[in-house]
C-alpha cells in the first residue's frame, strides 16, 4: 500500500516531460485505440525500461493526429505513432497527409473482424446494419453475399438499397444495445468484443468474417471461426467464387482496415527502431503482457519488425485504379458517403 | 485495513481531481493506467480504489463552479449558474454544503439501488429502444424553454444559435463537412469545454475583474445548506432521478442530465427567480451527476457497454484486474459487486465528510481579491481548453466563445438555453436518423412508453410557451 501511495504522489506531479517515449494516439481518452495504447504502453514499459506517455491528438475521424505526426513529429526519435483500422480506411478514400509508405513499422496486430446476425433473421428480410465509414468493408461484403456476382456498380447499388437498411448516426454502445434488442439484425465486432457482445448473446449467431491477411496477399480462413470467411460463404451460397466489380474494392478496404487494425510506426531512419522492435518482441513473448492485450482485442498474432513493413508493402499492392474508383463510387451511390478518388496512391 | 486505505487513497485522489477545473472522473481515471498494476495481486482492492475515485471526483467537481465560476467538469456547469452568485454574495459555504449534501444523498440512494439491484436492470434496458430514446431527447429539448429568459425572442435566438453550433462538424449520413467554414479542426464538432468555459467562466472572470469585486465569507452557513437540501428534498430527488435515467442509457451524457435537472427545477418553481443565487438552482442539478455515475455502471457491468466516457476507461482498468465486464463470470462474482458498491458508497460518504469539515478553509478562496487570482484562473481555463489538441485552434475556439459569452451576458441572451441546445443538437439529429431508418409511424403508435413520453413532451412544451421565463441569468 505504501508503494501505491508513492505511485499516486508521483502520478499527481508527473509531467510528460519526464517521459522517454511518447505514443501519439489520434483520438480522445476512452476510445478503443486509446485504451489499447494505454494497455500496450503499460506492458511495453516493463521491457523497454523507459517511461512511455500517451499523447492524445483527437480530431475528425481520427485524421488530425496522424496528420500532425506526419507533418511535425515523425522525425522525433522518441515519438511513436499509434494508428488503427479507421486510419487505413481514411487513407484510401479521404484527403489525408499521412502515408504509410513513409514510416517503418515497429509492430502491428493483424486482426480479423467478425460479423454476427440475429437468429430470427429469415432469408428475404432486410438486413439492418449500423452505417459509417468504418463499416464500409462490411457493407461491401453484405452487398456481395446478398446479391451474388453482378456486372455493374449500379446493379449492386440497387440490390443493396433493396435488401439493406443502412442506419446512420449510431455510436458503438448504441449499436450494441440495438443489436441486443433486435432493432438491428446484423453487427460487427473485433474478436474480443465479438465474444462479449455476440457470442454470448443467445439470440445471435456467427455470420461472416473477413479472414486473416497472409504474406502472399491472400486471406486465410480464421481458425477461431472456421468456414465463415467471406469467400468461402460466397462460394457456398452462389456456387462460384466472388468475381465481380466490387470484389477488388472489398479486398482493398478490408485489408487496409483489418491488416493495420492496431499499428505502431516511427519515421524512417529512426535510430531507436531496433531497440523498440526488440523490446516489443519481448513484450509479445511475455505471457502476462499477451494476456492483458488479448483481453482487449482477442488472440491474434503480432507482426513485429520487418514483418510489419512486409504487411504494409503487401497492402500497397492492392491499391489499383479500378479498386479505388469502385470504392469511391460505391461509397457514394450505396452508402451515401462523400469519398475522394486519390490517383496519387497508385504507383 | 487495506480496504480502508484503498478507499481513503481513492477518495483523496478523486477529490483533488474533482476540484481541478475541467478534470473530472474521466481524466482522473486515465492517469491511473500507470499505477493499476499495483493492484493486480489484490484486484478487489483495486475495484474499491477505482470506484472511490469516481465517487469522490463527482462530488468534488462542484467546488470550482461555485467558488470560482469555472465548472470542475463539463457536467458541473449547471450548478454554477446559481452557485457562483451565492459565493459572490458571501454564501459559498451555504451553496457548497447544499451541493455536497445533495450529491451525497443521491450518490448513496442511487448507489444502493444500482449495486443492490443490478441484475434486475437488464430487462429495463431491453424495453427502451430507439423510439423511447428519441422521445426522451425531444422531451429534453422541450425543457430548454425553461432555462430561457423572459425575453422570448432573445431566447429563441439563443436556442437556434445553440442548435446551429451543435450541428457543426460532419453530416452523419454523408461524412461530409458541415458548417466548418473549410476549417478541418471543426470537423470533429465544437468541443464542449471551450464552449462552457467561453460562455460562462470567461465572462464572469472579466466581469469580476472590471468591478473589482471580492466576495465575503459572511457566515458559516454549513448547516443552513444541509437544511436547505432537506427542505427541497423532492427537488433533489427529482434531479437524481433524471441523472439516473440518463446514466442508464449509453450515449446521452452527464452534461445533459445536469441541465435537464436544472431546467426541471426552474420549471417546478415558476414564481421564483433563478440565476442570481437561488439555492434551488444548486440543489436541483447537483445530484444528477452522482446518480448518473452510479447508473452508468449498469450497462457497463451487465453488457460491457460503457454508459459514459469514464465508464469506458473504468472497463479497461478493470480488465487489468482480470474483471471482464458483460460476461457471465462477472455477473456471478459477488465479491466484485460488493467491492463496487462499497467503494462507491463509502467514498460518497467519506468525501462528503471531508468537504463539510474543511468547508471553511476552502471557501476562504472567495475572499482573495479578483486581481490576484484572475491570472491564475485564466491560466487554468486556457490550460483546460487546450487539453483537446493543444494547438492554437483550441484557443481560437475559446476566444470566439468568450466573446459570444460576453455578448450574451451583456445583451441578456440566455447562455444556459444556448448551451443546452448545443448539447442536444447532434444527439437529436442522430436519433432522428435512426428512428426514420428503422420505424414507421404505425410502429411508433403501438409503443406505450414512446407515446406517453411524447404526450408529456407536448404538455411541457405548451406549458413552457404559456409561462414567461423565470431565470434571471443570461
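Protein chains in written order, with my numbering: chain A, 156 to 502; chain B, -15 to 458. Every residue gets a Cβ at the ideal spot worked out from N, C-alpha and C, and that includes glycine.
Exercise. Name the chain A residues that come within less than 7 Å of residue 289 of chain B, Cβ to Cβ?
Worked result: 328, 331 and 332
For this session: With a 10 Å radius around its C-beta and 16 neighbouring C-beta atoms as the bar for buried, classify residue 402 of chain A as buried or exposed.
Result: buried
Problem set entry | Touching by the beta-carbon criterion (3+ pairs, under 8 Å), the region 140 to 147 of chain B and the region 364 to 375 of chain A | no
Problem set entry | Interface positions of the region 169 to 201 of chain A facing chain B (Cβ-Cβ less than 7 Å), listed along the chain | 184, 185, 190, 193, 194 and 197
Problem set entry | Extent of the continuous alpha helix (DSSP H) to which residue 64 of chain B belongs | 61 to 72
Exercise. When Cβ atoms are compared, which residues of the region 277 to 295 of chain A fall closer than 7 Å to chain B?
Worked result: 283 and 288
Problem set entry | Sequence ranges, alpha helix (DSSP H) only - wholly within the region 128 to 194 of chain B, length at least 4 | 136 to 150 and 176 to 180
Problem set entry | Burial state of residue 318 of chain B, where buried means 16 or more other Cβ atoms lie within 10 Å | exposed
Problem set entry | residue 315 of chain B versus residue 327 of chain B: straight-line alpha-carbon distance, rounded | 18 Å
Exercise. Does the Cβ of residue 165 of chain A have 16 or more other Cβ atoms within 10 Å, making it buried, or fewer, making it exposed?
Worked result: Low confidence applies here, because residue 165 of chain A scores a pLDDT of 47, under 50, leaving its location unreliable; read the following figure in that light. It is exposed - the Cβ of residue 165 of chain A has fewer than 16 other Cβ atoms within 10 Å.
For this session: Below 8 Å between beta carbons is the criterion; list the residues of the region 372 to 403 of chain B that meet it against any residue of chain A, in chain order.
Result: 372, 373 and 374
For this session: Let me know the secondary structure DSSP gives residue 450 of chain A once reduced to three states.
Result: helix
For this session: Using a cut-off of 7 Å between C-beta atoms, extract the partners of residue 368 of chain A located in chain B.
Result: Near residue 368 of chain A there are no residues of chain B at all, since even the closest Cβ is about 25 Å away, more than 7 Å.
Problem set entry | Which listed residue (B/75, B/21, B/49 and B/85) has its alpha carbon closest to that of residue 335 of chain B | B/85
Problem set entry | Nearest-angstrom Cα separation, counted from residue 263 of chain A out to residue 432 of chain A | 11 Å
For this session: Check residue 308 of chain B in the structure and name its three-state DSSP category.
Result: coil
For this session: Pull up the distance between the alpha-carbon of residue 75 of chain B and that of residue 205 of chain B, whole angstroms please.
Result: 7 Å
For this session: Go ahead and label residue 148 of chain B buried or exposed: buried means 16 or more other beta carbons lie within 10 angstroms of its beta carbon, across all protein chains shown.
Result: exposed
For this session: Consult DSSP for residue 259 of chain A and reduce its assignment to one of helix, strand or coil.
Result: strand
Exercise. By Cβ distance, which residues of its chain are closer than 8 Å to residue 495 of chain A, with the 5 residues on each side in sequence left out?
Worked result: 248, 249, 250 and 483
Exercise. According to the neighbour-count rule (16 or more other Cβ atoms, all chains shown, within 10 Å of its Cβ), is residue 353 of chain B buried or exposed?
Worked result: exposed
Exercise. Should residue 342 of chain B go down as buried or exposed, given a rule of 16 or more other Cβ atoms within 10 Å for buried?
Worked result: exposed
Problem set entry | Own chain, CB closer than 7 Å to residue 83 of chain B, minus 5 neighbours either side, in chain order | 46, 50, 63, 67, 266 and 270
Exercise. Taking all protein chains shown into account, do 16 or more other C-beta atoms lie within 10 angstroms of the C-beta of residue 411 of chain B, making it buried, or fewer, making it exposed?
Worked result: buried
Exercise. What residue from A/332, A/285, A/428 and A/348 has the CA that sits closest to residue 107 of chain B's CA?
Worked result: A/332
Problem set entry | Neighbour flag for residue 212 of chain A against chain B, beta carbons, 8 Å | yes
For this session: Quick one: which residues of the region 424 to 454 of chain A get their C-beta closer than 7 Å to a C-beta of chain B? List them in chain order.
Result: 447, 450 and 451
Exercise. Nearest to residue 388 of chain A by alpha carbon, out of A/358, A/184 and A/297?
Worked result: A/297
Exercise. How do the region 361 to 372 of chain B and the region 160 to 168 of chain B stand: do at least 3 beta-carbon pairs fall below 8 Å, yes or no?
Worked result: no
For this session: Could you say which of B/256, B/37 and B/102 lies nearest to residue 322 of chain B if we only look at CA atoms?
Result: B/102
For this session: Identify each residue in the region 312 to 323 of chain A for which the Cβ-Cβ distance to at least one residue of chain B is less than 8 Å, and report them in chain order.
Result: 320, 321, 322 and 323
For this session: Could you check the C-alpha separation between residue -10 of chain B and residue 356 of chain A for me, to the nearest Å?
Result: 36 Å
Exercise. How many angstroms separate the CA atom of residue 492 of chain A from the CA atom of residue 288 of chain A?
Worked result: 7 Å
Problem set entry | Bounding residues of the beta strand (DSSP E) (the contiguous stretch that carries residue 178 of chain A) | 176 to 180
Exercise. Is the Cβ-Cβ distance between residue 392 of chain A and residue 300 of chain A less than 8 Å?
Worked result: yes
Exercise. Does the region 209 to 221 of chain A come close enough to the region 369 to 377 of chain B to have 3 or more Cβ pairs within less than 8 Å?
Worked result: yes
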